[in-house]
Every structure is written in structure tokens, then in C-alpha cells.
Amino acid sequence: MKITLRRRKIDDILATQPMVRWLQHYDSSSLFNDLMAGIVVAILIIPQGMAYALLAGMPPEYGLYASMLPLFCYALLGSSRSLAVGPVAIASLMVTSALSEFAAPGSAAYIQAAINLALLVGLFLLLMHLLKLGSVVNFMSHSVISGFTSAAAVIIALSQLKHLLGLEIEQGDFLASLTQTANTLPNFDADTLLVGISSIIVLLITKKPLCCLLKRAAAPSWLAEAVCKGGPMFAIIAGMVLVTWLDSASVAIVGEIPSGIPALSLNFINPTLWQDLWMPALLIALIGYVESVSVGTALASKRRERIDPNRELLALGAANIGAAVSGTFPVAGGFGRSMVNFTAGAQTTIASLITAVLVALVVAFFTPLLTNLPTATLAAIILLAVLPLIDISSLRQAWRYNKGDALTLVATFIAVLLLGVELGIVLGIALSIAILLKRTSQPHIAIIGRVGASEHFRNIERHDVSTHPDILILRVDESLFFANTRYVEQFILAHIAQHPSIRHTLINCAAVNDIDASALETLENLSHQLHSEGICLHFSEIKGPVMDRLERVKFAEHLAYGEIFFTTDEGVRQLETRC
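When the count follows the working numbering, it moves up by one through the sequence shown with no breaks and lands on 579 for the last residue.
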């Protein structure tokens, strides 16, 4: 009996695992699609991983390390079939921003701090999973994310110009880097620039013209897909060939890359670093999670599926702990790489397992082939990957639709550029919350009247309606709570002062989803104040859950001769007979 119950528990646990459910319907066609997607993503992630490692201030091989065990961890636990986890530009920039003040990029102390940062990111994500905080994405407004990613793309692009042009620029903030770049621009290295421009040309050609040519030539879909998405790998090959041909000592190369898969270890743990790293770790966890869930949700909708945001916290947390254990920096789900994974035909996360195995083979046996890889080529890969993140269209749309959102976007963009990534994000979130509080503390209040002879009531400023001179009917388009009831009270009193004939005030509560204790007290006091002036305060269309709470405190009995009507039409008809 005990064995049977234990087996049932195990079966129940396995049934909740996304991969187990997918494998129940897995066939040879799915395996082929996953295999092709895994190969295509591996072709992309090898150069990208190395490039993002340099962006994070780490040696290039650490980008390869971040593309193995983290992928395994996510593949086993993640709920998205197509999300490709690994090194990403935004997280890499945030790593550099967080750690550059502690140690020199690439140093042993810097690497240890990056590994501890990955561990903290993973622990924060797991804690959020345990607390079921998958909905935390709702507190990061689109304006803040858009402003941050646009500013981050600008910072990343500027940071790569020195590699693309062969300039000597010291690590510094945005303005210092911009000034140094402008001052040293005449000293660019011609050979390095040639390699960089050649890499950009190869990337652009393989992205569209060559892709279109293969499709017109009716090439096999798997070949066309691999070629179209393998631009970074072609750029690396072209860059190494060009460096060999130029034989120039002025062109920087990545140099010798250690061979062999990194050993798993926990010796890196340094709690003394955590008190300085917890804030950037929390922000990296939040930004990485928001980016990953956004991408995963978008791709899942294309299959008419859904992902589990809370499970994504578990999977991404495990992936980052896997990154720490394998000795590398934080990871997240990347938009470009995930799109490649999806369009290449990935059916399950088996594709990520295949990608991880291929990367491991490269790390174990083929790293000597990458010795002459020019850093200018890696800079070109990063540039073309981040430039689309500069989202001008979001600013235009926000400006047309809501000036407050546009202000948040611009403020976050400027703050990230001038004050740094962490402080810029915090200020952007604070501003968005402040604007939200301002909106809710000054809710829209419409004075409404009857539309013709119907039972419908609309805003007198927008529609041709009829009103009664002795009755003020208004609609509050917001829940009532401590921050906005004074505003509602002042609105009513000001309007009554301008219209002495008013004898009844009726508040339509159709848009009121909640009334807190402070608002309740204010309404009761307002009722008595109006009654002392010969005016009765009434309510209509109160929603069921709100009405249940009002009945528990006998709110209707506290109204000074006021009433609660089921509909506004019923209330107006009764009040008209009393005037």
C-alpha cells in the first residue's frame, strides 16, 4: 500500500512537469524539428555568448559556459516550448554596471563577484517562486521597460565602438565614455575598422539578401533556415579569415580560449559580497524575468498555448543557479534567440538540450579554432543585436495616447544614461508609481444626465442629455480610497456651491470596485454635512461585493435620509417626484 501511494505521488509530481507532458506525444517528426532548431540556435549562441561575455566584462569562454548547464536546467523545468535561455545583452550590461566598481573586468575578483551575482539572481527568482510572485511583471510598466531597454541599447552600442574602431577608452559612465570616444575618434585603427565593417556587411547580407536568394532558389527549408540564422557564425569565419590575411598586430583578437567543460563547484560562495550585490541581483532577476516571460508569452500565443509565469520563476532561478555552479554570469531568455528557436521549428525544450550538448562539444574540442577571432567581429554582432532595442515607436505612441507614460519612458531613458542602470530603473519605477497615484487620487468624475427617454445616463459634456435642476447625478470612474475621497468630496461641494437649487446628489457607483474604511467615513461625514444644508446624498449601481461589505457595517442606516438605489434610472425617477 505504501509503495502504491508513493508511486502515485511520484506520478502526480511528474504529471505537473511540462517536459513529461510534451514527451507523451513526442514522435520522430518532433525530434527532427527539435534537432534542427537546436543546431541553428547553437550556431547563433556560440558567437553571441562570447560577445555577451565580453560585454559583461568576462573572458569570452564564460559566454560558452553560460550556454550549457543553464540551458539544461531551464529545459527540464520551463513551461515555454521555445524560450531560449542563455547570455543576453541587457543582463550582461547590468553585470558590468554592477561589478565594475568592485574589480577590474576580467580579473579573478570580478569573475568571483559575477558568479555570486548569478547565484543571488537565482535565489531571488526561487524565492519569488515560493511566494508565488509570478504576477510581479504587472508592476513593471511598459514605459519603464521600454525606456530602460532603449537606454541600455545606446549604452551597449557606445561601449562596443571602441572594439569596432580599435580605440583605447577607459571604463566609465555614459557621459565619460561618450566624451572619450569623441576625443579619441581620430585615432581609430584602420585594420580594426575594416574587420568590423566587413563583419557588419556579412551580418546584413546573411540576414536578408542571402536568405531571400535561398528561398527563391527553392533551397531545402532546413538549409535556408540555418544559413539565414547563422549570420554571426559566418561573420566569425569571415573575421578570422580577414585577420589572418591582414596579419596586423593592431587588430585585437580573443586569443587562446581554454578547452574543456568547466567543473561544477560551490567554492565561489562569498557572503560578504552579497550585501553589495543584492540590489543589482534583484533588478537583474526582475528585468530578466520580465523579458523572458514577455518573450515566452508572445511565442506561446502563436501556438495558442499559455506559459506558467510562476513556473518560469522556478526554471529561470534554476538556470541562474546552474550558471553560478558552472562558474559564469547571470542568464535570461533572449528575444532574438528565442525567435530563432521558434522559427527554426522547436517543438519542445529538447531543442535547448541539443543546443547545450553542441556548445559543450565546441568547448571540449574546438576552442583552439576560435583563437584568431577578432573582438571587432564580436562588437559587430552585439551592435546589430541591440540596435533594434532602441524603441522610438513606443515613445511616439505613448506621446499620442498618454503623456504620463511618455514622461515615464523619457525619464527612465535619461536616468539610465546619466545615473546608471540600477538607479535609473528604480527612478523609472518610482515615477510610474507616482503618476499612477496621481491618476487615482484625482479620478475622473462625470456629471451625467438621461439620454432621451431611455434608462441610460451619459456625460453631459459629451452627449445630448437631459438633467433636473434639483438633482446632481455624477459618476466616479475609480475605486474610492483614502487618497481620492477628499478630491471627490471637494468636487461635489464645489458644484453644489455653484448651483444652490440642488436638493439631491446621486453618485453612480458602476465604476467603483472598492470602498476602503477611510472613504466610507468620508462619505458618511459628507452625507451629514449635506443634510445640514438641506441636501440628501444617494447612491446607485453599487457592485455586489462592495454592497456586501457596506451591509455588514449597516452603511445605509448611517446615511442622513439618503438611499441606495439598484439603478440610476430608478433613483432619478423617485427623486424627481420629491422635488
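Think of the CB as a built atom: it goes at the ideal place given N, C-alpha and C, for glycine as much as any other residue.
If the five residues before and after Ser259 are omitted, its C-beta is found closer than 6 Å to the C-beta atoms of Thr367, all from its own chain and listed in chain order.
Using a C-beta cut-off of 8 Å, the stretch 91 to 105 makes no contact with the stretch 351 to 368, since fewer than three inter-stretch Cβ pairs fall below that distance. If you look at Arg439, you'll find it in the alpha helix (DSSP H) that goes 421 to 441. Short of 6 Å from the beta carbon of Ile435, and not among the five residues preceding or following it, lie these beta carbons of its own chain, in chain order: Gly404. Ser248 carries a coil assignment under DSSP once its states are collapsed to helix, strand and coil. Taking C-beta atoms as the reference points, Ile284 and Val121 count as a pair closer than 8 Å.
In this chain, the beta strand (DSSP E) harbouring His504 covers 504 to 508. Of the candidates Asp391, Ala483, Leu537, Arg573, the residue whose Cα lies closest to the Cα of His468 is Arg573. Note on Leu213: under 16 other CB atoms within 10 angstroms of its CB, so exposed under the neighbour-count rule.
Cβ contact annotation for Ala118 (same chain, cutoff 6 Å, sequence separation greater than five): Asn320, Ala323, Ala324, Phe329, Pro330, in chain order. Residue burial annotation: Ile90 is buried, with at least 16 other C-beta atoms found within 10 angstroms of its C-beta. With respect to Asp470, His504 sits close: the two C-beta atoms are nearer than 8 Å.
In the DSSP assignment, Ala332 forms a beta bridge with Gly86. Excluding five sequence positions before and after Ser338, the CB atoms of its chain that fall closer than 7 Å to its own CB belong to Ser82, Leu83, Ala84, Val295, Leu299, given in chain order. Asn459 has Ile448 as its beta-bridge partners, per DSSP. Ile197 and Leu127 have their C-alpha atoms roughly 45 Å apart.
Annotated three-state conformation of Leu131 is coil, per DSSP. Of the residues assessed, His444 falls on the exposed side of the cut-off, its CB having fewer than 16 other CB atoms within 10 angstroms.
Annotated as proximal: Arg458 and Val451, with beta-carbon spacing under 8 Å. Here the C-alpha atom of Ser177 lies approximately 29 Å from the C-alpha atom of Ala238. When Cβ pairs closer than 8 Å are counted between the two stretches, the stretch 333 to 352 is seen not to touch the stretch 155 to 163, the count staying below three. Take Leu530, set aside five residues on each side of it, and the residues of its chain with a beta-carbon closer than 6 Å to its own are Leu537, in chain order.
Annotation for Glu256: Thr371 place their beta carbon closer than 7 Å to its own, counting only its chain and skipping 5 residues before and after. When the alpha-carbon of Leu282 is set against those of Asn484, Pro309, Leu264, Gly317, the nearest one is in Gly317.
A residue is called buried when at least 16 other Cβ atoms come within 10 angstroms of its Cβ; Leu130 does not meet this threshold and is exposed. Val410 and Tyr65 have their C-alpha atoms spaced approximately 36 Å apart. Taking all protein chains in view, the Cβ of Glu61 is crowded by 16 or more other Cβ atoms within 10 Å, so the residue is classified as buried. Closest option to Gly172, judged by alpha-carbon separation, among Ile155, Pro186, Asn187: Ile155. Listed in chain order, the non-local C-beta contacts of Pro262 below 7 Å within the same chain comprise Tyr65, Ser326, Gly327, local neighbours out to five positions each way being set aside.
Look at Val476 here: in three-state DSSP terms it is strand. Per DSSP, the unbroken alpha helix (DSSP H) holding Phe72 starts and ends at 69 to 77. Assignment of beta-bridge partners to Pro374 by DSSP yields Ile253.
Taking the Cα of His456 as reference, the smallest distance to any Cα among Ile253, Gly571, Thr244, Ile307 is reached at Gly571.
Scanning its chain for C-beta atoms nearer than 8 Å, with the 5 sequence neighbours on each side dropped, one finds around Ala109 the residues Phe102, Ala103, in chain order. Judged by DSSP secondary structure, His538 falls within the beta strand (DSSP E) whose first and last residues are 536 to 540.
Cβ contact annotation for Ser501 (same chain, cutoff 8 Å, sequence separation greater than five): Pro469, Asp470, in chain order.
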